[in-house]
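Visitor: All residue numbers in the sequence shown are consecutive under UniProt numbering, ending with 527.
We put the beta carbon where it would ideally sit given N, CA and C, even for glycine.
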Amino acid sequence: MPADIVARVLAVMGMVCAGFLAFILFTSGPFARTLPAFPVEGRDLNPLLQDPGLIFHPPLLYMGYVGFSVAFAFAIAALLSGRLDSAFTRFARPWTLAAWVFLTLGIVLGSAWAYYELGWGGWWFWDPVENASFMPWLAGTALLHSLAVTEQRAGFKAWTLLLSICAFSLCLLGTFLVRSGVLVSVHAFASDPARGMFILAFMVLVTGGSLLLFAVRGHRVRSRVNNALWSRESLLLGNNVLLMAAMLVVLLGTLLPLVHKQLGLGSISVGEPFFNTMFTWLMVPFALLLGVGPLVRWGRDRPRNIRTLLLTALVSTLVLSVLLPWLLEDKIIAMTAVGMAMACWIAVLAVAEAVQRVSRGTKTSLSYWGMVAAHLGLAVTITGIAFSQNYSVERDVRMRAGDSVTIHDYRFTFREVRDITGPNYRGGVALIGVTRHGEPEAVLHAEKRLYNTSRMVMTEAAIDGGLTRDLYAALGEELDNGAWAVRLYYKPFVRWIWAGGLLMALGGLLCLADPRYRRRKPLPEAG
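This is the structure:
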């Protein structure tokens, strides 16, 4: 890479580092005394955070956020130099891929943690802190596809720069939402308005300054390529527009309650129905384009070249989207059929094209197999969402020793509650036996813990996981006459959600391992 470009990238990274160093020194001094007296026995960590998953979840999100700062630095360097070519993007894309992989893993792990630790049986609540990491993931996904066009066809240059700025700005916004306390969240464990104002000022400075630079110098790196309507570039552009529309929906739903309250208009709540409805109907055309995109050539193509494959995939999708829910759950729900149609369309076309390439002996790169893995991962995740959202069964029941309740062919029998003592807590564990058609299936151990130092009462859910279903039990409050409040769930295919996320991350790693991103190519020195 030319020395002047390296200098600009490092300068931008240095300024970002300086901003966060100032944040640490002026608002979060590590040597400042925050306790009135020295705690002889220490201060207990929040019980929600006493989980091995929290060793990995925050660092993964952090690495994702930091990684997008590199893409941002490349974008600013390109604007300052007035040059953005395929060689330039070849340096930026691995950093963007790495950030996207880290962020994907962080979101997957956070979702799994919320599922088994919070005791509510859900895996996503559209909580502000959840949305804070999801928005840069959507922008980063669009950025990856835009970088591919810039590298292959020297197109989407301005779009690539704008997405780079957007992805990092959303990372700063997420940091502000989590650390400031302006929005209520079950995932927020520390808040300080002073720190929040510093991050807000830094975010406005970085985002405003970079957008101003883009407005002034963006015309110098615009593409001069005209794309045909039926081309891979056009389909990728359509997908990017849908991804950014989805991001704007999440952004609107997250910030609207805050803005509404600050304007003195009262409190409003934007809940799960809004996000689910808007997101679903944006993802339907997204899945349609995602399946077709890899089949279409760069530059210009004709629909008739893949007509047979598309018709075969369409018939297969329609049949499978109805047949699979019927075979697996004995009934068809409309939204499940829609979700399965999306998943089958993506999977069938991805597999069909891969088989064609292998049968023809076409040389394929690691990036191609990474793309296939990521697209199949999305199909797996959509399958898990479609089944778990529409076929889950939840029951809140009152149970005492010997009581039974049946949920979806599974019979839950409350046996007893035993006292337990842990290293820093005490409580009780309920033993709940599960049978199916009279055969033993599992014994669930649902706990209720009282932590000694914090005096917080926490629920530890009991989960019997399987390939196609989870059996989930959470112990509630003790009632009269030896009875307990118990929440029971049947969750079909819920683990497919996280399995698909891991497969997407694996796809990103395969793309990252492509030798062409490690191969040195001579570049002209800037004059």
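1) For Trp-281, does the three-state DSSP call read helix, strand or coil?
2) Just to confirm before moving on: does the CB-CB distance between Pro-285 and Val-270 stay below 8 angstroms?
3) Pairs of beta-carbons, one from the stretch 196-204 and one from the stretch 159-179, closer than 8 angstroms: are there three or more?
4) Anyone know if the C-beta pair for Ala-513 and Leu-366 falls short of 8 angstroms?
5) Is DSSP giving Phe-125 helix, strand or coil here?
6) Could you name the residues that DSSP lists as bridge partners for Asp-464?
7) If you scan the stretch 244-325 from start to end, which runs of the beta strand (DSSP E) of 3 or more residues do you find wholly inside it?
8) Within 10 angstroms of the Cβ of Ala-3, are there 16 or more other Cβ atoms? Answer buried if so, exposed if not.
9) From Thr-421, Val-16, Leu-431, pick the residue whose C-alpha is nearest to that of Gly-402; which is it?
10) Could you check the C-alpha separation between Ala-526 and Thr-160 for me, to the nearest Å?
11) By the 10 Å Cβ neighbour count, where 16 or more other Cβ atoms means buried, how is Ile-107 classified, buried or exposed?
12) Out of Ala-374, Tyr-490, Leu-118, point me to the one whose CA is closest to Ala-461's CA.
13) In whole angstroms, what separates the C-alpha of Phe-134 from that of Met-504?
14) Which residues does DSSP list as the beta-bridge partners of Trp-484?
15) From what residue to what residue does the alpha helix (DSSP H) around Ala-98 run?
16) Have a look at Thr-104 and Tyr-65 and give me their C-alpha separation to the nearest angstrom.
17) Please classify Leu-45: does DSSP put it in a helix, a strand, or coil?
18) Based on DSSP bridge pairs, tell me the residues matched to Glu-439.
19) Distance check for Val-429 and Val-417, CA to CA, integer angstroms please.
20) Is Pro-492 helix, strand or coil by DSSP?
21) Could you give the distance in angstroms between the alpha-carbon of Met-340 and the alpha-carbon of Met-15?
22) Determine the direct distance from the alpha carbon of Ile-5 to that of Leu-509, and round the result to whole angstroms.
23) Express the C-alpha separation of Leu-229 and Arg-307 in angstroms, rounding to a whole number.
24) Please state if the CB of Ser-146 and the CB of Phe-72 are separated by a distance shorter than 8 angstroms.
25) If you drop the 5 nearest sequence neighbours on each side, which residues of the same chain put their C-beta closer than 8 angstroms to that of Arg-411?
26) Mind checking whether Tyr-517 and Tyr-489 have CB atoms under 8 angstroms apart?
27) Whose C-beta lies closer than 8 angstroms to the C-beta of Leu-138 among residues of the same chain, with five residues either side of it excluded?
28) Find the nearest neighbour of Ile-268 within the set Phe-275, Asn-276, Val-259, judged by alpha-carbon distance.
29) Taking just the CA atoms, how far does Leu-61 sit from Pro-136?
30) So what's Arg-224 in DSSP terms, helix, strand or just coil?
31) Could you have a look at Gly-422 and say whether DSSP puts it in helix, strand or coil?
32) Could you tell me the boundaries of the alpha helix (DSSP H) in which Thr-160 lies?
33) Over the uninterrupted alpha helix (DSSP H) stretch that includes Ser-388, give me the two end residues.
34) Does the Cβ-Cβ distance between Phe-68 and Ala-18 come in under 8 angstroms?
Guide: Checking against the coordinates, here is how it stands:
1) helix
2) no
3) yes
4) yes
5) coil
6) Leu-471
7) none
8) exposed
9) Leu-431
10) Low confidence applies to Ala-526: its pLDDT is 42, below 50, so where it sits in the model is not reliable enough to give any reading.
11) buried
12) Leu-118
13) 15 angstroms
14) Met-399, Glu-478
15) 86-117
16) 11 angstroms
17) coil
18) Arg-436
19) 5 angstroms
20) strand
21) 47 angstroms
22) 26 angstroms
23) 16 angstroms
24) no
25) Ser-404, Val-405, Val-434, Thr-435, Arg-436
26) no
27) Leu-243, Met-244, Ala-246, Met-247, Val-250
28) Val-259
29) 11 angstroms
30) coil
31) coil
32) 157-180
33) 366-391
34) no
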